[in-house]
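Engineer: The opening position of the sequence shown corresponds to residue 5 in this note's numbering, with each subsequent residue numbered one higher.
Note that CB positions come from ideal geometry on N, CA and C, so glycine has one too.
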Amino acid sequence: MKYVDLIEIMATGDPAKIMVAKSILDEAGIKYLAKGEGLQDLFAMGRIGTGFNPLVGPVKFLVRDEDQEIAKELLKELQEN
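#1: According to DSSP, is residue 8 part of a helix, a strand, or is it coil?
#2: Apart from the five residues on each side of it in sequence, which residues of its chain come closer than 7 Å, Cβ to Cβ, to residue 25?
#3: Compare the beta carbon distance of residue 10 and residue 37 with 8 Å and say whether it is the shorter of the two.
#4: Put residue 13 into one of helix, strand or coil per three-state DSSP.
#5: For the candidate residues 39, 75, 8, whose alpha-carbon lies nearest to that of residue 17?
#6: Relative to the alpha-carbon of residue 7, which residue among 75, 76, 69 has its alpha-carbon at the smallest distance?
#7: Since residue 2 contacts residue 41 with CB under 8 Å, what's their CB separation in whole angstroms?
Right under this line is the structure:
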């Protein structure tokens with residue numbers, strides 16, 4: 005098994021932005037990890053109106069180093085809004 009470095013390209017607690025980011029990356033064929041996504045509703049009171057669980061923080065999108073530039077460009081507009 006080959007290990008690769010993963011680079012954080014985006015962090016958000018907005019559920020809508022999470023879904024859109026996943027869709028954009030999937031469509032582009034970029035493999036990613038949405039770190040913390042599965043933990044949002046497991047601890048304390050879940051997302052409690054903030055969009056993310058303050059105990060685990062926002063969902064962080066990680067991609068391979070060689071994909072980071074294109075992934076950042078694809079998600080640029082989403083992050084600005």
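Structural biologist: Let's see:
#1: In this structure, residue 8 counts as coil in the three-state DSSP scheme.
#2: 14, 65, 79, 82
#3: yes
#4: strand
#5: Checked all of 39, 75, 8; the closest Cα to residue 17 is 39.
#6: 69
#7: Absent from the structure is residue 2, since the part of the chain shown begins at 5 and ends at 85.
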